[in-house]
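Beneath this line is the structure, given in C-alpha cells, with notes to follow.
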Amino acid sequence: MAIVTPALVKSLFVSFNKAFQDGLKVADSDYTKIATVIKSTTATNIYAWLGQFPQMREWVGARIIKDMKTDGYGITNKLYENTVGVPRTAIEDDSVGVYLPVMTEAGRAAGVYPDEHIFALLKAGETSLCYDGQNFFDTEHPVAANVDGTGAITPVSNLLKPAGTDPASPAPWYLMCTNRALKPLIFQERIKPDLKAKTSDDTSDHVFMNDEFLYGVRARSAVGFGFWQFCVKSTKPLTAENYQEAYTLLRNMVADGGRPLNIKGDLLVVPPTLAEAARKIVGVATINGGEDNPNYKLSDILDTAWLI
1262 MAIVTPALVK SLFVSFNKAF QDGLKVADSD YTKIATVIKS TTATNIYAWL
1312 GQFPQMREWV GARIIKDMKT DGYGITNKLY ENTVGVPRTA IEDDSVGVYL
1362 PVMTEAGRAA GVYPDEHIFA LLKAGETSLC YDGQNFFDTE HPVAANVDGT
1412 GAITPVSNLL KPAGTDPASP APWYLMCTNR ALKPLIFQER IKPDLKAKTS
1462 DDTSDHVFMN DEFLYGVRAR SAVGFGFWQF CVKSTKPLTA ENYQEAYTLL
1512 RNMVADGGRP LNIKGDLLVV PPTLAEAARK IVGVATINGG EDNPNYKLSD
1562 ILDTAWLI
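According to the working numbering, the stretch in the sequence shown is residues 1262 to 1569, in order.
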C-alpha cells in the first residue's frame, strides 16, 4: 500500500500528463483540412476584412484607394473543460495504472474536440449566419457590381437542392476550396487544451470531503465561417453530373466588382455513406469500361464520421 504524500501526488501528475500528451499526439483530427486556425488574444475576434478580396492593378499615377465595404463578423471564444476524478484509494492501493488509459483518452478527446465543433458548424450552415448577413449556405448571397460593395446586387447561391420531386441524396455533401490562405471555416484558438491538477495534496477540501483527486482539462476556442464563396453544399444525389455542377459553380464565383476568384473545388467532403460514391467520381482513372474519367483527381476526398 502506498502512502499518499505531496511528492507522490506530484509524481502521479507527471505520469498522467504524459498520458494526456500522448493522447493529444495520436488524435486523428481533420478540422485543419477545412478550417483555418486563427490565434486569438482577446475574448472576441472581429473579422472586419471578410468580404475583401485584394487584387493588383496597373500603377498609373497615384495609388487608387478604394473604400472596401466593412463586414463586421465577430467570433467569441468559449470555455471548454473535461474533468477526471481519481479515488484516493486507487493511489493507496497502487492501482493508478488503470487510469492512465483514461488520461490518454482525455488527451485524444482534447485533440479532436475542434473536429466536433467545426463539423457541427458545417452541418448547421443552412441556418447559421456568415459575414454578409446571409446563412453560410444560401441561395441569395449578395454580390455587388462595384468592388467597394456598392451598385447593383446580384444574388449568388452556394446551395444546390433537387428540383421539385427529384430524388435527394441520403446525406448532404460538400465541395470546398481549401488551398487558399483562408479556408471555408475558421477555428479560433485562444487557449490550447491543457491538463491541470485541481488538488495537489491530500489536505485539500475536495480530497477530504470526497476522497478523490481531480484532474481537469481546460481550453478556450470558437468556430466560425470564412468565405462562403469557397464552399458548396449539395443535397442532390452524389453523381458525376451533380459533382460537376458543384465544381462549375465554384469555378464561376466572382468577388464584388465581378472579378473572377479562380476557385477550384479541391476537397470533396462526405459522410461514410457517400464515400464509395465519391471514390467512383474522383478516385478512379477510367469509367464505363475504359473511358478516361474527366473528374479523376479533380478533388481529394475527406470521408468523415463527424457528418453522420
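Every residue, glycine too, gets a C-beta built ideally from N, C-alpha and C.
| message | Restricting to runs no shorter than 3 residues, where is the beta strand (DSSP E) found entirely within the segment 1421 to 1466? | response | 1434 to 1437 and 1446 to 1458
| query | Cβ of Lys1497 within 9 Å of Cβ of Arg1512? | reply | no
| Span separating the alpha-carbon of Phe1274 from that of Ser1482 | Inter-residue distance for Phe1274 and Ser1482 is about 25 Å (C-alpha atoms, whole angstroms).
| task | Sort out for me which residues DSSP pairs Phe1474 with in a bridge. | result | Val1347
| task | Determine which residues share a DSSP beta bridge with Gly1412 and list them. | result | Partner(s): none; Gly1412 has no beta bridge.
| task | Return the CA-CA distance between Tyr1504 and Gly1346, expressed in angstroms with no decimal places. | result | Spanning the alpha carbons of Tyr1504 and Gly1346 requires a straight line of approximately 49 Å.
| task | Take the Cβ of Asn1523 as the centre, count every other Cβ of all protein chains shown within 10 Å, and call the residue buried at 16 or more, exposed below. | result | exposed
| Of all the options Phe1474, Leu1311 and Lys1453, which has the alpha carbon lying nearest to the alpha carbon of Asp1409? | Ranking the options by Cα distance to Asp1409, first place goes to Leu1311.
| Where do the ends of the alpha helix (DSSP H) carrying Ser1276 lie? | Per DSSP, Ser1276 belongs to the alpha helix (DSSP H) from Pro1267 to Val1287.
| field | For Asp1342: DSSP bridge partner residues | value | The residue asked about is misnamed: residue 1342 is Glu in this sequence, not Asp. BP columns for Glu1342 point to Arg1479.
| task | Please state whether DSSP places Ile1569 in a helix, a strand or coil. | result | coil
| message | Would you call the segment 1464 to 1471 in contact with the segment 1387 to 1396, where contact means no fewer than 3 C-beta pairs closer than 8 Å? | response | no
| query | Would the beta-carbon of Ser1290 fall within 9 Å of that of Pro1362? | reply | No. Outside cutoff.
| said: Since Asp1561 and Asp1527 should fall inside the 8 Å C-beta cutoff, what is the C-beta to C-beta distance between them, to a whole number of angstroms? | reply: 6 Å
| field | Backbone CA spacing between Gly1544 and Val1531 [nearest angstrom] | value | The alpha-carbon separation between Gly1544 and Val1531 amounts to approximately 14 Å.
| Do the segment 1447 to 1457 and the segment 1295 to 1304 make contact, defined as three or more Cβ pairs closer than 8 Å? | yes
| said: At a threshold of 8 Å, does Arg1512 count as lining the ligand FMN (C-beta to nearest heavy atom)? | reply: The ligand FMN is absent from the structure shown, which contains no ligands of any kind.
| request: Would you identify the three-state DSSP class for Thr1293, choosing helix, strand or coil? | output: helix
| field | Between the CA atoms of Ala1288 and Val1270 - distance to the nearest angstrom | value | Between Val1270 and Ala1288, the C-alpha separation is close to 27 Å.
| For the alpha helix (DSSP H) that contains Val1543, what are its first and last residues? | Ala1536 to Val1543
| field | Assigned exposure category for Ile1325 - 16 Cβ within 10 Å defines buried | value | Bear in mind that the predicted position of Ile1325 carries a pLDDT of just 43, short of 50, making it unreliable; the figure below should be weighed with that in mind. Ile1325 should be labelled exposed.
| message | Going by DSSP in three states, Gly1485 sits in which element: helix, strand or coil? | response | strand
| When the distance is taken between beta carbons, is Gln1490 closer than 9 Å to Asn1440? | no
| query | Straight-line CA distance for Pro1416 to Gly1551? | reply | Taking the straight line from one Cα to the other gives about 41 Å.
| message | Only counting the same chain, and skipping five residues up and downstream in sequence, which positions put a Cβ closer than 8 Å to that of Pro1431? | response | Thr1534 and Leu1535
| request: Give the secondary structure of Thr1365 by DSSP, where H, G and I count as helix, E and B as strand, and everything else as coil. | output: Residue state for Thr1365 is assigned as helix, using DSSP reduced to three classes.
| query | Residues bridged to Ala1405 by DSSP? | reply | The partner list for Ala1405 (beta bridge, DSSP) reads Ile1414.
| said: Short of 8 Å in beta carbon distance, which residues of its chain neighbour Ser1389, apart from the five on each side in sequence? Order them along the chain. | reply: Only Leu1382, Asn1396, Phe1397 and Phe1486 meet the Cβ criterion.
| query | When DSSP labels each residue in this structure, what does Asp1561 get in the three-state scheme? | reply | strand
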